[in-house]
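Asker:
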Amino acid sequence: MKNKRALVYIAAVLGIAALMAVVVWIKQLQRTGTETQAAKTEFIMDTVVEIRASGPDAEAAVDAAFAEMSRVEKVFSRHLKDSAITRINQGSGQWVPVTDEVMALLEKALHYSELSSGAFDITVGRLIDLWGFGTDKQKIPPETELAQALATVGYRSVEIDKSAKMVRIPSGTIIDLGGIAKGYAVDQARKVLEAKGVKSGMIYAGGDITTIGAKPDGSSWRVGVQHPRESTALIGIVEMENKTIVTSGDYERYFMDNGIRYHHIIDPHTGYPARDVISVTIYGSEAADADALSTTIFVLGLERGKALIENLPGYEAVIVDQEGNVWVSSGLAGQITLL
Ligand code: AMP
Ligand code: MG
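To convert, count from 1 in the sequence shown and add 1; that's our numbering.
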């Protein structure tokens, strides 16, 4: 009798367990059944941004990611009235309160300045203005004006008071986060997508590409590296999942004068566009870091750039020199198909 009751008990437990398994299975089926896809394009941070995602509510996720990128632009653009960067620039010479977010990105920028002995330097704002890049007043500046602007450049003069959450730059200095903010915005957009349950997605921001997971069909994303001299050609294709590539090139914003190309990536030590290479693509996991590194290595040039990237774990590079030679860092060699 006792045995029979035990058997009934075991059968009941097994029955409930089986029922629960079926419920979990149906729930999972429903979840994959409600997987949606969305793709949208907007113009943010002076560039075309496309976001693609698949997830439980892909459209809402993509909209939220765009909203986050717009928010980041409003904080970090120095061309928008009332942005945090505008307030620091307008308050030059005085301590200006900043948020933790602004403090963190400033510290990251200064980290890359330290790493490169000032090849990356957000205090180049006055030089950028003088050359007029990004405006219709691009010109080679007179030497005297260049010298004056150069005197306001120097990342070591950016003071940060962490406990008081204040920043001070010297009177007359202008900071410009154009070399790092787009990458940061892309990282933030990626985090929003992930928080909304997106397991497969892609953010394209003016040539910079960040991927989440694999493609919806399960294969890796195949991302092209732009040819620096032929706008419709690629120099290679990189297979990636959960990774980002960011490119800095002398073809993005430039003007020609007497057959010489003058472009928007400035060597903070000379005040002139950096000349050694023509494009630098960085591969890694964080777009803000990859963005800072692409600008940094562009300014450092081939030899110093190679040395920096080969000693930096987690980040790889493709560098194209003035002659069009393509150099690939050792950690990326197996993953890129050169064309
Ligand atoms: P990217 O396209 O990421 O290489 O960034 C280029 C932008 O970064 C320029 O348009 C400037 O706003 C800014 N920039 C130019 N030269 C430098 C530099 N040496 N260090 C930091 N930012 C720079
Ligand atoms: Mg950059």
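Positions of the beta carbon are idealized from the N, C-alpha and C atoms, including for glycine.
Given glutamate 147, which residues of its chain have a CB within under 6 Å of its CB, disregarding the five upstream and five downstream residues?
Answerer: The residue given as residue 147 occupies position 146 in the sequence shown. It should be noted that the sequence gives leucine, not glutamate, for residue 147. Gly272, listed in sequence order.
Asker: In terms of alpha-carbon separation, which member of Lys140, Tyr284, His264 and Ile283 lies closest to aspartate 277?
Answerer: The sequence position of residue 277 within the sequence shown is 276, counting from 1. Checked all of Lys140, Tyr284, His264 and Ile283; the closest Cα to aspartate 277 is His264.
Asker: Mapping the DSSP letters down to three states, classify alanine 318 as helix, strand or coil.
Answerer: Numbered from 1 along the sequence shown, position 317 holds the residue referred to as residue 318. Strand, per DSSP.
Asker: Report yes or no: do the stretch 110-130 and the stretch 152-160 share at least 3 C-beta pairs separated by less than 8 Å?
Answerer: Enough Cβ pairs lie closer than 8 Å, so yes.
Asker: Just to check, is the beta-carbon of isoleucine 181 closer than 7 Å to a non-hydrogen atom of the ligand MG?
Answerer: Numbered from 1 along the sequence shown, position 180 holds the residue referred to as residue 181. Under cutoff, so the answer is yes.
Asker: How about the stretch 250-260 and the stretch 116-123: do they share at least three Cβ pairs that are nearer than 8 Å?
Answerer: Touching, no.
Asker: Does the beta-carbon distance from glutamine 336 to glutamate 240 come in below 8 Å?
Answerer: Along the sequence shown, one-based indexing puts residue 336 at 335. Along the sequence shown, one-based indexing puts residue 240 at 239. Yes, Cβ-Cβ distance for glutamine 336 and glutamate 240 is below 8 Å.
Asker: How is the alpha helix (DSSP H) around glutamate 115 delimited, first residue to last?
Answerer: To locate residue 115, count along the sequence shown from 1; it is residue 114. 101-116 is the extent of the alpha helix (DSSP H) around glutamate 115.
Asker: Heavy atom of the ligand NAP less than 7 Å from the Cβ of valine 73, yes or no?
Answerer: In the structure shown, the ligand NAP is absent; the only ligands present are the ligand AMP and the ligand MG.
Asker: Between the C-alpha atoms of serine 84 and phenylalanine 44, what's the straight-line distance to the nearest angstrom?
Answerer: Locating residue 84 in the sequence shown gives position 83, where the first residue counts as 1. Locating residue 44 in the sequence shown gives position 43, where the first residue counts as 1. Approximately 19 Å between the Cα atoms of the pair.
Asker: Cβ-heavy atom distance between aspartate 268 and the ligand MG below 7 Å?
Answerer: What you label residue 268 is simply residue 267 of the sequence shown in a count that begins at 1. It does not: the Cβ of aspartate 268 is nowhere closer than 7 Å to a heavy atom of the ligand MG.
Asker: Do isoleucine 141 and valine 159 have their CB atoms nearer than 8 Å?
Answerer: Your numbering for residue 141 matches position 140 in the sequence shown. Your numbering for residue 159 matches position 158 in the sequence shown. No, the pair does not count as a contact, with Cβ atoms beyond the cut-off.
Asker: Is the beta carbon of leucine 340 closer than 8 Å to that of isoleucine 1?
Answerer: No information on residue 1 is available, as it lies outside the stretch 2 to 340 that the chain covers here.
Asker: Is the beta carbon of threonine 271 within less than 7 Å of some heavy atom of the ligand AMP?
Answerer: Start at 1 with the first residue of the sequence shown, and residue 271 comes out as number 270. False, no ligand heavy atom lies under 7 Å from that Cβ.
Asker: When every heavy atom of the ligand AMP is checked, does at least one fall within less than 7 Å of the C-beta of alanine 85?
Answerer: Locating residue 85 in the sequence shown gives position 84, counting from the first residue. Result no, Cβ not under 7 Å from the ligand AMP.
Asker: Contact between the stretch 161-179 and the stretch 188-199 is defined here as three or more beta-carbon pairs at a separation below 8 Å; is this criterion met?
Answerer: No, because fewer than three Cβ pairs between the stretch 161-179 and the stretch 188-199 fall closer than 8 Å, the two stretches do not touch.
Asker: Is it the case that the CB of aspartate 292 approaches a heavy atom of the ligand MG more closely than 7 Å?
Answerer: Within the sequence shown, residue 292 is the residue found at index 291, counting from 1. Correct: aspartate 292 has its Cβ closer than 7 Å to the ligand MG.
Asker: Nearest to valine 99 by alpha carbon, out of Met167, Asp137, Tyr10 and Pro57?
Answerer: By one-based count along the sequence shown, residue 99 stands at place 98. Cα-wise, what sits closest to valine 99 is Met167.
Asker: Going along the chain, which unbroken runs of the beta strand (DSSP E) with 3 or more residues stay wholly within the stretch 154-224?
Answerer: Runs found: 160-162, 167-169, 201-206 and 209-213.
Asker: I'd like the ranges of any beta strand (DSSP E) spanning at least 3 consecutive residues and lying wholly in the stretch 217-296.
Answerer: Counting whole runs of 3 or more residues, the stretch 217-296 contains the beta strand (DSSP E) stretches 222-227, 235-241, 245-250, 255-258, 261-264 and 278-285.
Asker: If you count every other CB in all the chains shown that lies within 10 Å of the CB of threonine 248, and 16 or more means buried, which is it?
Answerer: In the sequence shown, the residue the question calls residue 248 occupies position 247. So threonine 248 ends up on the buried side.
Asker: Taking buried to mean at least 16 other C-beta atoms within 10 Å of its own C-beta, is tyrosine 185 buried or exposed?
Answerer: Residue 185 sits at position 184 when you count from the first residue of the sequence shown. Under this definition tyrosine 185 is a buried residue.
Asker: Does the distance from the CB of alanine 288 to the CB of aspartate 188 come in under 8 Å?
Answerer: By 1-based counting over the sequence shown, the position of residue 288 is 287. By 1-based counting over the sequence shown, the position of residue 188 is 187. It is a contact, given that the beta carbons lie within the stated cut-off.
Asker: Assuming alanine 318 and glycine 306 make a contact with CB atoms under 8 Å, what is their CB distance in whole Å?
Answerer: Position 317 of the sequence shown, counted from the first residue, corresponds to residue 318. Position 305 of the sequence shown, counted from the first residue, corresponds to residue 306. With a Cβ gap of about 7 Å, alanine 318 and glycine 306 count as contacting.
Asker: Just reading off the alpha helix (DSSP H) that alanine 120 is part of, what are its end residues?
Answerer: Sequence index remark: in the sequence shown, residue 120 carries index 119 (1-based). Premise fails: alanine 120 is in no alpha helix (DSSP H) and is neither H nor E.
Asker: Whole angstroms are fine: how far does the CA of arginine 79 sit from the CA of glutamine 91?
Answerer: Translated into positions along the sequence shown, residue 91 becomes position 90. Translated into positions along the sequence shown, residue 79 becomes position 78. Cα-Cα distance, rounded: 10 Å.
Asker: Over what stretch of residues does the beta strand (DSSP E) that includes isoleucine 89 continue unbroken?
Answerer: By one-based count along the sequence shown, residue 89 stands at place 88. Not the beta strand (DSSP E): isoleucine 89 falls in the alpha helix (DSSP H), residues 85-91.
Asker: Locate the beta strand (DSSP E) running through alanine 54, then write down its first and last residues.
Answerer: Position 53 of the sequence shown, counted from the start, is the residue given in the question as residue 54. First-last of the beta strand (DSSP E) with alanine 54: 48-56.
Asker: Which residues mark the beginning and the end of the beta strand (DSSP E) in which lysine 41 is found?
Answerer: Position 40 of the sequence shown holds residue 41. Its beta strand (DSSP E) spans residues 37-45.
Asker: Helix or strand or just coil, what does DSSP make of isoleucine 141?
Answerer: For the purposes of this step, residue 141 is identified with residue 140 of the sequence shown, where counting begins at 1. It is coil, neither helix nor strand.
Asker: Here's the rule I'm using: 16 or more other beta-carbon atoms within 10 Å means buried, otherwise exposed. How should aspartate 122 be labelled?
Answerer: The residue labelled residue 122 in the question sits at position 121 within the sequence shown. Under this definition aspartate 122 is a buried residue.
Asker: When DSSP builds the beta bridges, which residues end up paired with valine 327?
Answerer: The residue given as residue 327 occupies position 326 in the sequence shown. DSSP, once it has assigned bridges, lists Val321 as partnering valine 327.
Asker: Taking the continuous alpha helix (DSSP H) assigned at leucine 303, which residues delimit it?
Answerer: Mapped onto the sequence shown, residue 303 falls at position 302. Its alpha helix (DSSP H) spans residues 303-311.
Asker: If distances are taken between C-alpha atoms only, which option among Ala66, Val103 and Asp64 comes closest to phenylalanine 77?
Answerer: The sequence position of residue 77 within the sequence shown is 76, counting from 1. Considering only alpha carbons, the answer is Val103.
Asker: Just to confirm the assignment, what range does the beta strand (DSSP E) spanning threonine 338 have?
Answerer: Residue mapping note: residue 338 aligns to position 337 of the sequence shown, counting from 1. Its beta strand (DSSP E) spans residues 337-339.
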